[in-house]
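Numbering (my numbering), first residue to last: 360 to 981. Worksheet: one structure, shown below.
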């Protein structure tokens with residue numbers, strides 16, 4: 360009845376609608392020029408409904424909607440809500456992981472170039488996302504080798520005494536802004552060249568470098584001319600690898616799609632100045648049953664809402680319903696006019712067909728690789744079952760590990776593999792409550808007891824409802840015995856149990872006195888090692904997080920303007936003192952409840968001497 364009343368009250372205005380299931384989870388987000396007509400159409404019998412829509416409608420229990428002033432506003436809001444809720448029935452990038460971007464900190468007087476997975480509103484330029492992390496890192500290495508920008512994040516204060524320049528300056532990999540050895544204008548020229556490179560304007564960059572080289576040579580500054588010559592050579596090497604695909608010099612992205620029974624793949628080719636400067640592939644989730652028009656429209660909105668680079672023209676394989684609205688949205692992002700087109704003939708159509716062929720080829724290779732991976736997992740599970748004497752290959756395996764530092768902030772983790780692959784959404788972590796001091800056996804016992812108790816109570820916790828086909832604990836005979844005692848006492852002694860000792864990678868079984876030693880090339884051993892490593896990683900990350908939060912609290916206790924609420928907000932945003940240390944002033948100020956003066960207080964407290972800190976971005980990507 361509630362749903363009927365919502366449908367009856369829908370306005371005819373443009374807006375966004377959120378469809379929810381019985382648990383209140385958002386399962387689909389859409390936009391409409393007319394909310395009433397669009398939403399009601401889902402519930403009208405029609406042969407036009409795709410199988411996906413038919414299944415989705417069966418799960419709709421409630422609908423929320425937000426009225427907007429225009430279809431463009433609805434599109435922008437829809438993008439934000441899809442990113443926030445990740446609805447299962449929306450077409451989206453298949454992986455929930457955050458792809459890396461190359462970040463140029465153009466909001467600073469002396470910008471740097473970094474790899475990051477966080478896109479902030481901080482006046483920086485972001486390029487990406489990169490589905491191939493190695494390609495992003497290689498591009499970053501090339502930029503650092505060719506362009507002498509700073510590679511640190513020192514707080515540069517022109518009024519402070521200049522420190523000695525670092526090694527990068529000595530080897531001509533940096534212009535030395537931290538030592539006041541270069542002016543803002545000269546440094547800005549190099550930044551502009553980096554932006555040209557990342558935008559795919561290598562021809563313009565080559566002309567700029569050649570001009571500056573000639574000026575340096577005419578001024579008899581042969582050392583500078585030689586540096587520019589080397590930069591020019593590196594850029595021309597990249598240009599030579601690029602293929603001319605268009606006679607006109609319009610910057611454009613070319614987007615096409617390939618499908619199979621399992622999903623879809625989108626290929627995007629980057630054409631700049633008539634040359635193919637790069638391409639990328641994205642596997643999509645939620646695309647089954649969705650038409651090409653919906654799939655392409657959804658991809659465009661998700662992709663360009665993340666990337667900082669929008670070209671003059673976007674060529675599509677198929678027409679999309681909201682092409683004009685997408686035009687307006689992309690034009691707003693770019694700051695200049697953008698045209699979304701579906702060519703029917705000529706060179707542009709051939710570009711689209713090339714993208715389509717590449718999408719199909721990549722999808723075929725991806726499926727073949729996935730099939731090989733599935734076969735390898737099946738074989739590994741079968742081999743493991745044989746070695747352990749199991750009645751059947753285990754479908755669900757749980758592995759437990761403990762992380763502690765001299766008994767402080769002790770935590771346990773549960774990693775879960777299903778069908779031989781990590782099921783990361785089912786990983787669980789436990790804060791040790793009942794064990795004092797360094798007692799790994801008691802901690803393992805506590806974690807497994809709490810896990811089984813949640814499954815065996817009268818109202819089972821749905822997060823722990825399914826029991827494992829095999830339990831693995833990290834450790835030797837002692838950890839195995841501790842876990843076995845708990846399992847037996849709770850009436851679940853029929854669950855197979857083993858432990859893996861890290862030093863010799865020996866597998867201990869309950870009913871065998873001697874451990875099992877598998878060959879180092881054994882697929883079964885590699886599977887158990889992978890499981891153990893995942894549990895260890897998850898436990899360690901949780902342990903570090905707890906220690907980091909405690910450190911943030913203790914570090915900021917006496918700072919003026921930092922009370923309990925702001926401390927909690929900083930803990931929630933950064934998670935650890937290390938992450939807070941790596942943050943810029945703008946990133947700290949963006950924390951809820953913070954302001955710029957207090958952010959500066961925090962930053963200066965953490966960097967009393969204006970020293971080096973690693974930001975922005977993830978250390979592992981630097």
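Just so it is clear, CB atoms sit at the ideal spot from N, CA and C, and this is done for glycine as well.
Asked: CB contact flag (residue 791, residue 806, <9 Å); Found: yes
Asked: Of the residues 744, 420, 366, the one placed nearest residue 396, counting alpha carbons only; Found: 366
Asked: Helix, strand or coil at residue 619 according to DSSP, with G and I counted as helix; Found: strand
Asked: Candidates 387, 834, 463: closest to residue 417 by CA position; Found: 387
Asked: Counted within 10 angstroms of its Cβ, other Cβ atoms place residue 954 as buried (16 or more) or exposed; Found: exposed
Asked: Span separating the alpha-carbon of residue 570 from that of residue 549; Found: 13 Å
Asked: Exposure of residue 841, with buried meaning 16 or more beta-carbon neighbours within 10 Å; Found: buried
Asked: For residue 920, the three-state DSSP class (helix, strand or coil); Found: coil
Asked: Residues of its chain near residue 583, where Cβ-Cβ distance is below 7 Å and the 5 sequence neighbours each way are ignored; Found: 575
Asked: Exposed unless 16 or more other CB atoms sit within 10 angstroms - verdict on residue 530; Found: exposed
Asked: CA-to-CA distance, residue 832 to residue 851, given in whole angstroms; Found: 16 Å
Asked: Length of the line joining the Cα atoms of residue 377 and residue 440; Found: 9 Å
Asked: Same chain, Cβ closer than 6 Å to residue 556, neighbours up to 5 away in sequence not counted; Found: 564
Asked: Whether residue 700 touches residue 670 by CB criterion (9 Å); Found: no
Asked: Alpha carbon of residue 589 to alpha carbon of residue 461, nearest angstrom; Found: 23 Å
Asked: Per-residue DSSP class, three states only, for residue 674; Found: strand
Asked: Residue 640, enclosing beta strand (DSSP E) - first and last residue; Found: 634-644
Asked: Residue interval of the alpha helix (DSSP H) (run including residue 739); Found: 705-747
Asked: Rounded separation between residue 455 and residue 930 - CA only; Found: With a pLDDT of 48 at residue 455, under the threshold of 50, the modelled position of that residue is not reliable, and no figure is offered here.
Asked: Simplified DSSP state of residue 888, which is helix, strand or coil; Found: helix
Asked: Beta-carbon gap between residue 615 and residue 675 smaller than 9 Å; Found: yes
Asked: Length of the line joining the Cα atoms of residue 871 and residue 836; Found: 11 Å
Asked: Straight-line gap, residue 560 to residue 501 (C-alpha atoms, nearest Å); Found: 16 Å
Asked: Straight-line Cα distance separating residue 784 from residue 918; Found: 38 Å
Asked: Residue environment, residue 876, which counts as buried when at least 16 other CB atoms sit within 10 Å; Found: exposed
Asked: Cβ pair count under 8 Å reaching 3, the segment 638-652 against the segment 743-759; Found: no
Asked: DSSP state of residue 930 mapped onto helix, strand, coil; Found: helix
Asked: Separation of residue 857 from residue 659, as counted between CA atoms; Found: 48 Å
Asked: Three-state secondary structure (DSSP) of residue 697; Found: coil
Asked: Beta bridge counterpart(s) of residue 758 as assigned by DSSP; Found: 774, 831
Asked: Which listed residue (709, 708, 703, 665) has its alpha carbon closest to that of residue 689; Found: 665
Asked: Run of the beta strand (DSSP E) containing residue 858, from where it starts to where it stops; Found: 856-860
Asked: Cut-off 6 Å between Cβ atoms - residues of its own chain near residue 638, not counting five sequence neighbours on either side; Found: 628
Asked: Residue 649 (DSSP reduced to helix, strand or coil); Found: coil
Asked: Residues that residue 475 bridges to, as DSSP identifies them; Found: 460
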